[in-house]
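Trainee: Residue numbers (full-length UniProt numbering): 1 to 548.
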């Protein structure tokens, strides 16, 4: 099959192009003199650029027809990058006016990670004229290029096999100085594009870095951009995007993570420029949720949220969704892969929504039973990683999973907390909130949100050691307001006081009307337990600490 602009060519010319596939280039040669002459003569005849993509075995993988100025290289994503970061393919194409390699040619070399890109000049008599070839240079920071030009093709004296072997080894050696190529984790380049202050953008990037760590990604670099105007197609300018992608390829990134949510059109536009997987902040959080969900309830909710987010963002390439797609797909009669993906996702969404309805009825019955029992209900809320599960474990002597990661807890946990005089409350631990929580994620919080609706008291736990604790308080308040829980009785609790200057704690507690604790120190709980009892049983005196 001939790629590119074949319209208007004679049948004999098409056959001549197809015969190129029969040729094989010896391993030691960049291109044979015979094939070079065949290409230049045919290119002169049809007055269009011609190109061939050749692998290291000397096999012609693609024959490409362009116009008089350029060729368009087809999708090469099925040819994976080696440990050196090179694709194992070279592109040789004709230039009708014997002009040197263009900026687009060099960009293709960098973006596609070709072994080499070659411009073969066409003389007036159709014979090969000038030749210029370029290849990437090993460099741990930026993808540098070496260009070699000759005035006469027949001056070319290059043992290509020895050259590419040496280049491969050196590029792999340089890569291993900065990247562990044997690390099985995804290697992520984090990108934040914001118009706020530099401090705001940096704070947002810090949180994205923490999310990436929670998702078990190996972060290889971070890029912050503060443009005057956001690009509606690429978020950043196309030129800047290409720079970012080239840097990502040089650093062996396998994933681009955008801090800002990408529109379906932006996903499609960016994945047209690169085959590196592209996800945004919401997808990263969904990925974390999928790994953290333990209950049937939680798994169904997260999968449903994932599919609803994926559906409008499906692309023909599918690379951006590969972390979330799982086994969805397949080809049916008369349907493209993209159409079958969309149809199956819609079918699965309907099935999951039915399951969720059934699970919701079960949750409702359990909640109604608790309410009828007349036992006060407390829900611990707060920003992710504030220490909610640690506090629940310490107060109730239970063993809810905890870890110093964002969203370590996803499923709702419910325990009983006993007070003196046979008093008790039901206390629930909920998934942590996060700033700018997208509506698409609210569904994944459904079980948690239902628990909050029944709560008599919201215990708002804050990580006082976080330098952005004030913004985190505001984020949680904003989410509670959006859930019509803004007027629900609340108790603000400052956690992790053991990690801040003790002299600052009293002042901050007075300023915010908060109670200080350390979830790792049960002896610090007395003021909190006294206040909880006062809220529910103001007539009782509190003489001893609560117990599980």
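Where is the CB? At the ideal position from N, CA and C, for every residue including glycine.
Owing to the predicted nature of the structure, the values given are computational and were not obtained by experimental measurement.
Relative to the alpha-carbon of residue 477, which residue among 156, 466, 458 and 464 has its alpha-carbon at the smallest distance?
Mentor: 458
Trainee: Only counting the same chain, and skipping five residues up and downstream in sequence, which positions put a Cβ closer than 8 Å to that of residue 66?
Mentor: 4, 5, 48, 49, 50, 51, 72 and 93
Trainee: Pairs of beta-carbons, one from the stretch 209-229 and one from the stretch 190-199, closer than 8 Å: are there three or more?
Mentor: yes
Trainee: Can you list, in chain order, the residues of its chain whose CB lies under 7 Å from that of residue 253, leaving out five sequence neighbours each side?
Mentor: 187, 188, 189, 220 and 276
Trainee: May I ask you to report which of helix, strand or coil DSSP gives residue 83?
Mentor: coil
Trainee: Are residue 100 and residue 40 touching if we call contact CB-CB under 9 Å?
Mentor: no
Trainee: Between which residues of its own chain and residue 29 is the CB-CB distance below 7 Å, once the five residues before and five after are set aside?
Mentor: So the qualifying residues of the chain are 160.
Trainee: Can you check the stretch 131-191 for any beta strand (DSSP E) of at least 3 residues that lies completely inside it and give the ranges in chain order?
Mentor: 144-150
Trainee: Indicate whether residue 115 and residue 149 have their beta-carbon atoms separated by less than 9 Å.
Mentor: no
Trainee: Three-state secondary structure (DSSP) at residue 266?
Mentor: Helix.
Trainee: Can you find the residues in the same chain that come closer than 6 Å, C-beta to C-beta, to residue 498, ignoring five residues on each side of it along the sequence?
Mentor: A distance below 6 Å between beta-carbons, with the five flanking residues on each side excluded, links residue 498 to the following residues of its chain, in chain order: 518.
Trainee: For the beta strand (DSSP E) containing residue 494, name the first residue and the last one.
Mentor: 490-495
Trainee: Determine the direct distance from the alpha carbon of residue 56 to that of residue 463, and round the result to whole angstroms.
Mentor: 56 Å
Trainee: In the DSSP assignment, what residue or residues form a beta bridge with residue 95?
Mentor: 121
Trainee: Work out the CA separation of residue 473 and residue 297 for me, nearest whole Å.
Mentor: In this model, residue 297 and residue 473 are separated by some 28 Å (Cα to Cα).
Trainee: On the DSSP letters alone, give me the boundaries of the beta strand (DSSP E) that residue 379 sits inside.
Mentor: 377-382
Trainee: If you follow the alpha helix (DSSP H) that residue 112 is part of, which residue opens it and which one closes it?
Mentor: Residues 103-112.
Trainee: Any idea what DSSP makes of residue 430, helix, strand or coil?
Mentor: DSSP, reduced to helix, strand and coil, places residue 430 outside both helices and strands of the structure shown, so it counts as coil.
Trainee: Is there contact between the stretch 16-24 and the stretch 105-122, where contact requires at least three CB pairs shorter than 8 Å?
Mentor: no
Trainee: Looking only at its own chain, which residues have a Cβ that is under 7 Å from the Cβ of residue 81, when we skip the five neighbours before and after it?
Mentor: Shown here for residue 81: same chain residues with a beta carbon closer than 7 Å to its own, the five before and five after excluded, namely 87 and 113 in chain order.
Trainee: Going by the DSSP bridge assignment, what does residue 456 pair with across the sheet?
Mentor: DSSP lists no partner for residue 456.
Trainee: Hey, how far is the Cα of residue 268 from the Cα of residue 246?
Mentor: 18 Å
Trainee: Within the same chain, show all residues whose beta-carbon is closer than 6 Å to that of residue 264, passing over the 5 residues directly before and after it, in chain order.
Mentor: In its chain, beyond the 5 residues on either side, 312 and 313 have a beta carbon closer than 6 Å to the beta carbon of residue 264.
Trainee: Rounded to whole angstroms, how far is the Cβ of residue 536 from the Cβ of residue 516, which I believe are closer than 8 Å?
Mentor: The distance from the Cβ of residue 536 to that of residue 516 is about 21 Å, inconsistent with a contact at the 8 Å cut-off.
Trainee: In angstroms with no decimal places, state the Cα-to-Cα distance between residue 91 and residue 78.
Mentor: 16 Å
Trainee: Here's the rule: buried if 16 or more other CB atoms are within 10 angstroms of the residue's CB, otherwise exposed. What is residue 11?
Mentor: exposed
Trainee: If I measure Cβ to Cβ from residue 43 and keep anything under 6 Å in the same chain, skipping five residues before and after, which residues do I get?
Mentor: 50, 94 and 122
Trainee: Give me the DSSP bridge partner(s) of residue 305.
Mentor: DSSP output for residue 305 lists no bridge partner at all.
Trainee: Taking the C-alpha atoms as reference points, what is the distance between residue 551 and residue 281?
Mentor: Outside the displayed span of the chain (1 to 548) sits residue 551, for which this structure offers no information.
Trainee: With a Cβ-Cβ cutoff of 9 Å, do residue 270 and residue 241 count as a contact?
Mentor: yes
Trainee: Identify whether residue 418 lies in helix, strand or coil by the three-state DSSP scheme.
Mentor: strand
Trainee: In the structure shown, what three-state DSSP assignment does residue 67 receive?
Mentor: coil
Trainee: In terms of residue numbering, what span does the alpha helix (DSSP H) encompassing residue 199 cover?
Mentor: 198-214
Trainee: If distances are taken between C-alpha atoms only, which option among 496, 471 and 453 comes closest to residue 490?
Mentor: 453
Trainee: I'd like the span of the alpha helix (DSSP H) that includes residue 477, first residue to last.
Mentor: 469-482
Trainee: Is the Cβ-Cβ distance between residue 305 and residue 286 less than 9 Å?
Mentor: yes
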